[in-house]
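Visitor: What follows is a single structure, and I will ask about it in a moment.
Numbering (my numbering), first residue to last: 1376 to 1570.
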């Protein structure tokens, strides 16, 4: 939807600056179409944000707290930890939204976090024999540490962009986990596959 609005703005308002493309297109629509457009974009943003917050809470509660901190956690405490994690993540993102000096730089750094998930996904789809149970966790952890290190250690800026740095460290981490961890994941048999 956003790309379509950008194309409409490019054709209908060729001299408009990129930051004014969406407002120009929406203001040029009749009120009902403008309302539906804004509602659709807001719904997409809210549903994505909710999913990301729930995923972050579950990842921390299940993969870090339950696995490393308190393996015998009671169900009520597990639920409380999950909710607290969601609240903290929500407040952190709200703080970042209000205090981000360069929103584009912040968005690019945030999008670079998806590199770890992309690496895990691509290896799982195209090379499942290299996948290990711990590979996703360590790849995501190293990706997060890599983003933080990129922000605070200027010596790491040997590459043009943080996403290139993320690809290198995430692929290397995934392959190192595959090398040292000898417990592959169980992959379902394909239809017609012979033993």
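Backbone N, C-alpha and C define an ideal beta-carbon position, used for all residues, glycine too. From a predicted model like this one, the values you see are computed outputs, not experimental measurements.
Whether or not the region 1395-1406 and the region 1441-1456 are in contact is what I'm after, with contact meaning three or more pairs of Cβ atoms, one per stretch, closer than 8 angstroms; do they touch?
Guide: no
Visitor: Could you tell me which whole alpha helix (DSSP H) segments of length 4 or greater appear in the region 1439-1491?
Guide: You should have 1450-1474, 1478-1487.
Visitor: Is the CB-CB distance between residue 1518 and residue 1490 below 7 angstroms?
Guide: yes
Visitor: Determine the DSSP secondary structure at residue 1529, reduced to helix, strand or coil.
Guide: helix
Visitor: CA-CA distance, residue 1524 and residue 1531?
Guide: 8 angstroms
Visitor: Can you check DSSP and say which residues form a bridge with residue 1559?
Guide: BP columns for residue 1559 point to 1507.
Visitor: Classify residue 1425 as helix, strand or coil using the three-state DSSP reduction.
Guide: helix
Visitor: From residue 1558 to residue 1407, what does the alpha carbon distance come to, in whole angstroms?
Guide: 57 angstroms
Visitor: From the DSSP output, in three-state form, read off residue 1389 for me.
Guide: coil
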